[in-house]
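Worksheet for the structure shown next.
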Amino acid sequence: MMMRIARLARIQHVMVKYALEELFLENTSAHNLRHLFLLSPTRWMNSETRALPRGMRIRLALEELGPVFVKLGQVLSTRRDLLPDDIGDELTFLQDNVKPFASELARAEIERALNEKIEVLFKSFEDKPIASASVAQVHGAVMHDGSEVVVKVLRPGISETIRRDVSLMYLLADMAAKILRDGKRLRPREVVAEYDKTIHDELDLVAEATNAVVLRNNFKDSDTLYIPEIYWEYTRSSVMVQERISGIPIRDIKAMEELGMDMKKLAEHGVEIFYTQVFDHNFFHADMHPGNIFVSREHPEHPQYIAVDFGIVGSLTDEDQRYMGENLLAFFQRDYRRVAQLHIDSGWVPRDTRVSELEAGVRAVCEPIFEKPLAEISLGDVLLQLFNIARRFDMEVQPQLVLLQKTLLNIEGLGRQLYPDLDLWATGKPFLKRWVVKRNNPQTILRRFVDQAPHLLKVMPELPMMVHDYVDLQNQVLRNELAAGGDKRFPRASRRNNAEQPGKSLGYSITGAAILLSAALLGSANVMSGSDSTPWWVFLTALVGVSFLIAGLRRR
């Protein structure tokens, strides 16, 4: 309890030092609380820092509060829907300025986790860390067979530090939600929860190793991205050993130019890797900042990326993936009505939003941007402008899309740094067109239907009772209508036709569903047999089933 009070006092001191009490309490129901800080010595001893621009003050305060708050700021920097531009821009400069912890502590944790002495585990071990961050640091080592590896070890006590600081963040978020004028829209507790999940994902190095293996398998035959090998026998929740890579840091443009690297192709490969991960694999590296990306020195004419640090990955639901892909393609084609309709259909904006109004808002944002040469168009600028439109239409940015947005902005920034004339649109549009065609071809649709076959078989025993209940309901509705309208409103012939109509419609629908299920089972059997192609008669069977279903729906 005393430690928590001391930490709160430290947070209060830093807030006053950077005049954040003025910033956060201004125009709120608790604005009078600002007067409590007038006599604080911290206020009068830090007049220079209190006079800095607000974005810089927030960044410096987060850096002073330590690595956990720095991580929070880095997460916030991706939520441009929640932040003014000046604050969002400043938070992108947040750095993990964390001193390395003693190598003796690293050795002790490695020996504890792997239950063996360092000398037994490795032929040699480098006490000086290669890199140090807020959650872990990395040491070089050599295995007894001569393989060079890196050993990642969690910072001692980091779990308790995160638990303590995150609990305080929830407390501050609840306070902010109550006193901030825009507290409901900003959803501070949701932002902290998002951060809580992100940073806790980085505390399990077995999970990170699993992410690395998935990515490595996805790109095992790729000549554009290399993922280091994981040494599973030396990996635990607090320690991970992986292959040591030798590449050029992505920031070292001079070294790549001296090697004769094809910078245009390198930038285009980065964009292609992004689209492949998101739309082909649906599993993407979501922490693609410059510190985690290197470039192989081999084959400079056809450059290959090397990625490290797999603690944060992302994936989309099938529906979100479809909406995102079709949205991007509609943007590329300047089909703003399609963009507006997709936003409504996906539930990203309220269902009662008028398509024409949203279309006009999107058009007003995008048309001035598209008037520029394609190579000068920034997808980041498009997203930022769209967030401003989103506020008008009460759009809530979906949490599952935040990592995707962050990754896209990182990729664009890196690509433009490598090759300023990079045309993101020319690189992305053909890929998305191929993806949409592939997704909507008959064989892919049938395979998706086959995937649902087990679920259909599960509900089949319940179908007779469902049909019986449906018919009973339809008859009850018809009887009520006849009783209310009387014989004059419903002549005998009409009553007979009306009574027969639900049964006929239901019959067509059941017949269609049965034929479709048969097609799915036939297709499933064909897939399980190892065949790469589906016979034409399976498609014909499915088409007949769809025809009956449509006929049943039209007769209602």
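Numbered as in my numbering, the sequence shown ends at 557 without a single skipped number. By construction, the Cβ of each residue, glycine as well, lies at the ideal position given by its N, Cα and C atoms.
State yes or no: is the C-beta of residue i within less than 8 Å of the C-beta of residue j?
| i | j | result |
| --- | --- | --- |
| Arg58 | Leu95 | no |
| Arg338 | Val356 | yes |
| Arg245 | Val151 | yes |
| Thr225 | Gln305 | yes |
| Gly312 | Asp202 | yes |
| Leu204 | Ser160 | yes |
| Leu206 | Lys265 | no |
| Val272 | Ile390 | no |
| Ser239 | Leu155 | yes |
| Leu419 | Leu169 | no |
Excluding the five sequence neighbours on either side, which residues of its own chain have a C-beta within less than 6 Å of the C-beta of residue i, listed in chain order?
| i | result |
| --- | --- |
| Ala210 | Ile231, Thr236, Met241 |
| His344 | Val350 |
| Arg108 | Ile119 |
| Gly74 | Leu63, Leu92, Leu95 |
| Gln342 | Val356 |
| Arg432 | According to the sequence displayed, residue 432 carries Phe and not Arg. Contacts found: Tyr276. |
| Phe280 | Gly326, Trp436 |
Quick check: the Cα distance between residue i and residue j, rounded to an integer number of angstroms?
| i | j | result |
| --- | --- | --- |
| Ala7 | Asp166 | 12 Å |
| Thr408 | Val121 | 40 Å |
| Ala213 | Glu65 | 32 Å |
| Val545 | Thr318 | 30 Å |
| Asp288 | Ser548 | 47 Å |
| His286 | Leu423 | 21 Å |
| Val71 | Arg164 | 15 Å |
| Phe275 | Pro42 | 51 Å |
| Glu110 | Leu415 | 35 Å |
| Glu117 | Phe123 | 10 Å |
| Val296 | Arg252 | 10 Å |
| Met3 | Gln278 | 47 Å |
| Ser347 | His14 | 45 Å |
| Leu216 | Gln406 | 19 Å |
| Pro369 | Lys430 | 20 Å |
| Ser78 | Asp90 | 7 Å |
| Ile88 | Met16 | 16 Å |
| Asp395 | Arg417 | 32 Å |
| Ala331 | Ala361 | 15 Å |
| Pro421 | Ser148 | 38 Å |
| Arg496 | His282 | At Arg496 the pLDDT is 48, less than 50, meaning the model places this residue with poor confidence; the figure from the coordinates comes in the next sentence. So the two alpha carbons sit approximately 56 Å from each other. |
| Gly56 | Ala543 | 59 Å |
| Asn358 | Leu541 | The sequence as given places Glu at residue 358; Asn does not occur at that position. If I take the Cα positions, the gap works out to 42 Å. |
| Leu53 | Leu410 | 27 Å |
| Glu112 | Asp146 | 20 Å |
| Phe284 | Tyr171 | 30 Å |
| Gly261 | Trp426 | 26 Å |
| Asn198 | His290 | For the sequence presented, residue 198 should be read as Lys rather than Asn. In a straight line, the C-alpha of Lys198 is about 19 Å away from that of His290. |
| Ser530 | Asp222 | Because Ser530 carries a pLDDT of 48, less than 50, the predicted location of this residue cannot be relied on, and no value is offered for it. |
| Ala365 | Glu22 | 37 Å |
| Cys367 | Ala103 | 52 Å |
Residues in the same chain with beta-carbon distance under 7 Å from residue i, minus the five sequence neighbours each way, listed in chain order, please.
| i | result |
| --- | --- |
| Ala20 | Arg51, Arg58 |
| Arg11 | none |
| Asn569 | The chain is shown only over 2 to 557; residue 569 falls outside these bounds and no answer can be derived. |
| Pro189 | Ala174, Ala177, Ala178 |
| Ile131 | Val139, His140, Gly141, Val151 |
| Met144 | Phe123, Lys124, Val150 |
| Val340 | Asn328, Ala331, Phe332, Val363 |
| Thr162 | Val69 |
| Ala256 | Ile249 |
| Phe220 | Leu226, Ile228 |
| Leu84 | Leu77 |
| His270 | Thr225, Pro304, Tyr306 |
| Lys489 | Its pLDDT being 49, under 50, Lys489 is placed unreliably by the model, and the measurement read from it follows with that caveat. So no residue of the chain qualifies. |
| Lys18 | Thr43, Asn47, Thr50 |
Near residue i, what residues of its chain come up, given a Cβ to Cβ distance below 8 Å and the 5 sequence neighbours on each side ignored?
| i | result |
| --- | --- |
| Leu106 | Pro157 |
| Ala494 | Below a pLDDT of 50, predicted positions are generally treated as unreliable, and Ala494, at 48, falls in that range; no measurement from the model is reported. |
| Trp233 | Ala210 |
**Message:** Can you confirm whether the stretch 117 to 134 touches the stretch 186 to 202 when touching is taken to mean that 3 or more C-beta pairs between the two stretches lie within less than 8 Å?
**Reply:** no
**Asked** So does the stretch 321 to 339 actually touch the stretch 298 to 310, counting three or more Cβ pairs closer than 8 Å?
**Response** no
**Item:** the stretch 431 to 441 / the stretch 325 to 345 touching (three or more Cβ pairs under 8 Å)
**Value:** yes
**Whole alpha helix (DSSP H) elements within the stretch 241 to 270, 4-residue minimum** = 254 to 259
**Item:** Unbroken stretches of the beta strand (DSSP E), 3 residues or longer, contained in the stretch 274 to 316
**Value:** 294 to 297, 306 to 308
**Request:** For the stretch 142 to 229, list the alpha helix (DSSP H) runs that are entirely contained and at least 4 residues long, ordered along the chain.
**Result:** 159 to 180, 184 to 187, 189 to 202, 206 to 219
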